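Working notes for the structure below.
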Amino acid sequence: MNEETPLISAKGLSVHFGLGRKLFGEQKVVRAVENISLDIPKGSFFGLVGESGSGKTTFGRAILQAAPITNGSIAYNDGEVDYNIASLDKSDLKDYRKRAQLIFQDPYAALSPRMTVRDIIAEPLEVMGLTASRKETDKRVREMAAKCRLNLEHLRRFPHAFSGGQRQRISIARALVCQPKFLVADESVAALDVSIQADILNLLKSLTEEMGITFLFISHDLSVVAHICDHVAVMYLGRLVETAPTRELFAAPRHPYTKALLSAIPSLDPDYRGQAQKLEGEIPSPTNPPPGCKFQTRCPHAIDICRSEEPMLSQLGFEHDVACHRWEELFEDQAPAIVSAQVPEARPVPEPVPVPKPEPEPAAEEEPMAPKVLANELARLRRKTRIAITVSIIALLALPFACAL
Amino acid sequence: MSSSLIKVENLTLQFKTDEGLITAVDNVSFEVAPGEIMGLVGESGSGKSVTAKSLMQLNPGNAVYSPESRITLTTDGEDFDVLSLKTDRDLKVVRGGAVSMIFQEPMASFAPAITIGDQMVEQLLLHSDMNKKQARDHSIEMLERVGISDAPTRFGQYAFEFSGGMRQRAMIAMALSTKPKLLIADEPTTALDVTIQAQVIDLMKDLVAEFGMGILFITHDLGVIAQTADNVSVMYLGKLIETGSVRQVIRDPAHPYTQGLLHAIPKLEQLDVPLTPVPGDIPSPLDRPPGCVFHTRCSQMIEGRCDADIPTPTTLSEGHVASCFVAQYGPGGVAEASA
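Here the protein sequences line up with chains A and B, keeping their order. Under this note's numbering, think of the first position of the first sequence as 1, with each following residue one higher. Under this note's numbering, think of the first position of the second sequence as 1001, with each following residue one higher.
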């Protein structure tokens, strides 16, 4: 797997959002994702973890070309095509949309209440023109629905008739029907009950193995990620703080943040109460990140260097990287050679500002963008007709006067 | 009776809808003592929120309580039959008086265009005899108590200026400012990050110890329950299927549903064990299965018994009660009361 080129390879990726425009002075910028370099190997089930506000969703969206990329590059290579996502032209983007798909968090909000399940699953095929006839579309829809264990008799029903788990299976069927190579699942099981969650996770896992899909699984739940992913990256305030193969990360977390996340998972043992290492405070505002290491404000081990200098991502073993000044001292058991992998960029931003959450992207982009385009088209048409009607009324009113003259 | 704070007996609640009567809660009984954290666990659709809301009569107008339902609230040595209170004025004993509630989504529970402080003061003016100045000071004190720094400034801010964890803290401060005897917490940590969740759980446990109130803690997360509750009730499709102390229920679950829930939780210690979901979906309350409500998804279902007869609550050990034929009679389930 290592000699192969990775499916997704991000290099120094940054996504910044400007906050309002000021006549004078510098514009405030939210650094939602800052200088992230990450490889997602082909066929892997890659986990991306972090608290809300850590930029994981933005990163996922940037890969899908659904968030503006400020700096850096993302290479996509599935063996057939080789794209640089940051500079795709229109036809390539269209093709890329077929290859990369997204599953949303909330299965109640992601499905149109006015479309039948069949239409929902068929929409990507129709929009992208992947099928020649309605018959073929129907066939593909039924195949995919069966794969996602949906009852084929239910295809004519509307989403409101389904439970959360079933709806999430519909979302999965919709994302998979155009046979993508790459799938981003953004908190796809967060809204489900545990009893259903396990079912959806198992389904995702078996489908990706069967169809050879590479998966980016975004979640805040480390225990879910531990079970399903083979590789995990941990994000904090737009930075990558640790990345490692799942086993290694959970067996020996290096970054204090990863450790804190792990110990915050409520234990099922009633006698193990309150022994976990608790993290104080909350994630700082991304408009006003602290200088130095971004985690220093909450880190129990922070020292002077952490407050002034941003740590680099150091390689400490096979595919295990960590960005922390003190990981070596904190874990003296083993000390492999440090190879610096990333140039740090310490840019303290002055003046505190109110806290807009870090994903102020314009309205969530529905996957193949078609509904949006259609809506725009309709609105334009409506505007045109309105103008036409007004003009004709004025003309009619003016007619008698013209005659009298 | 005076030992319990609130006692729910035979609560049956149906909703009148166009499709007919929907049973949301079916013959549920439990009680919460002062200083006790009682966990109510169940999937979405199991009726846990509806049960909690009936304690404050917050269910919509189409809710029908059965005549046997009884909710008794004991406060200051007096007993109140909550369901017999009809007017808003009578209900003041409960709402804003002895019982407060915190909700799952703090952003949705605060008015967006009124400052947090004004909302806190408003309810104090309504439910206590403080004047504006006292209410303001008390609110700021409560905000400080729940760990919000710079409380006087925060007092004048709006909900959108707070982060998720802070909103939930403010919500808790608001709920506690009237000094309730019982706090109903409806999924208070579900919308929060794990690190913040741990903080909020700690805070709630501290407050119970300090104020000595009872908490009805509603959640679907058994991990959270294990960390907070003293006693647990598991709900499924409107029925209580298992109750007991937290150790009994989590260490030694008797009902197959509780067992299934525990198996479905991803555990960090056992990464090699595949996740086992509870098969199928929760049935629609419109067609409740006959017999045991769980038999459609149960792996230990006994044909001809579980799908026909309704299991009665059986005491398995002191304080540990389950409604299940398998738990009652062992795996065969048919052997007559020999155990």
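Here a beta-carbon is modelled for each residue, glycine too, at the ideal position from N, C-alpha and C. All values derive from a computational prediction rather than experimental measurement.
Does any C-beta atom of chain B lie closer than 8 Å to the C-beta of residue i?
| i | result |
| --- | --- |
| A:E51 | yes |
| A:Q101 | no |
| A:N202 | yes |
| A:Q166 | yes |
| A:I196 | yes |
| A:F182 | no |
| A:H220 | yes |
| A:I394 | no |
| A:I265 | yes |
| A:P256 | no |
| A:F318 | no |
| A:D186 | no |
| A:A226 | yes |
| A:K278 | yes |
| A:F250 | yes |
Along the alpha helix (DSSP H) that carries residue i, what are the first and last residues, could you check?
| i | result |
| --- | --- |
| A:I172 | 164-176 |
| B:D1202 | 1194-1211 |
| A:V263 | A quick correction: the sequence has Ser, not Val, at residue 263 of chain A. Where A:S263 is concerned, the enclosing alpha helix (DSSP H) stretches over 256-264. |
| A:A75 | Element bounds for A:A75: not the alpha helix (DSSP H) but the beta strand (DSSP E), 71-77. |
| B:F1325 | 1325-1329 |
| A:D304 | 304-308 |
| A:F59 | 56-63 |
| B:Y1257 | 1256-1264 |
To which residues of the same chain is residue i closer than 6 Å at the C-beta, ignoring the five residues directly before and after it?
| i | result |
| --- | --- |
| B:T1312 | none |
| A:P110 | It should be pointed out that residue 110 of chain A corresponds to Ala in this sequence rather than to Pro. Correct list, in chain order: F104, S171. |
| B:N1062 | F1015, K1016 |
| B:L1011 | V1025, V1028, S1069 |
| A:G72 | K11, G12, L13, S14 |
| A:A185 | I103, F217 |
Looking at the C-beta of residue i, does it have a partner C-beta in chain A at a distance below 8 Å?
| i | result |
| --- | --- |
| B:G1260 | yes |
| B:H1220 | yes |
| B:E1318 | no |
| B:P1277 | yes |
| B:L1240 | no |
| B:R1154 | no |
| B:G1244 | no |
| B:S1029 | no |
| B:A1209 | no |
| B:P1256 | no |
Over what stretch of residues does the beta strand (DSSP E) that includes residue i continue unbroken?
| i | result |
| --- | --- |
| A:Y96 | Note, A:Y96: premise wrong, no beta strand (DSSP E); alpha helix (DSSP H) at 90-99. |
| B:L1040 | 1037-1041 |
| B:R1070 | 1070-1075 |
| A:D448 | Examination of residue 448 of chain A is not possible in this model, given that chain A is present from 1 through 405 alone. |
| A:E242 | 239-245 |
| A:G43 | No beta strand (DSSP E) contains A:G43, which DSSP labels as neither H nor E. |
| B:K1239 | 1239-1245 |
Per the DSSP calculation, residue i is bridged to which residue(s)?
| i | result |
| --- | --- |
| A:C182 | As written in the sequence, residue 182 of chain A is Phe, which differs from the Cys given in the question. Looking at the DSSP assignment, A:F182 forms a beta bridge with A:A100, A:T214. |
| B:I1184 | B:M1101, B:L1216 |
| A:L48 | A:I218, A:A233 |
| A:H16 | A:R31 |
| B:Q1014 | B:T1023, B:V1064 |
| A:Y83 | A:Y76 |
By Cβ distance below 7 Å, which residues in the same chain neighbour residue i in space, the five residues on each side in sequence not counted?
| i | result |
| --- | --- |
| A:R118 | V141, L155, R156 |
| B:S1177 | M1120, L1124, H1138, S1139, M1142 |
| B:I1218 | L1040, K1048, S1049, A1052, A1185, D1186, E1187 |
| B:E1105 | A1191 |
| B:R1288 | T1023, L1237 |
| B:G1147 | R1169, L1203 |
Can you name, in chain order, every residue of its own chain whose Cβ lies under 8 Å from the Cβ of residue i, other than the five neighbours on each side?
| i | result |
| --- | --- |
| A:R169 | C148, R149, L150, I200, L203 |
| A:L176 | Q101, M144, K147, C148, L183, L207, M211, I213 |
| A:P245 | D230, H231, V232, F318, E319, H320 |
| B:A1111 | Q1119, A1159 |
| A:A161 | H154 |
| A:T116 | L155, R156, R157, F158 |
| A:P352 | Residue placement at A:P352 cannot be trusted, given a pLDDT of 42 that sits under 50; what the coordinates show is reported in the next sentence. If we look at A:P352 and ignore the five residues flanking it on each side, its Cβ neighbours are S285, N288. |
Given 8 Å, three or more beta-carbon pairs between the stretch 50-64 of chain A and the stretch 18-37 of chain A: yes
Segment contact, 8 Å Cβ cut-off, at least three pairs: the stretch 1052-1068 of chain B with the stretch 1248-1264 of chain B: no
The stretch 300-320 of chain A touching the stretch 1262-1272 of chain B, judged by at least three CB pairs closer than 8 Å: no
Cβ pair count under 8 Å reaching 3, the stretch 1199-1209 of chain B against the stretch 1224-1238 of chain B: yes
Stretch pair the stretch 245-263 of chain A + the stretch 293-303 of chain A: three plus CB contacts closer than 8 Å: yes
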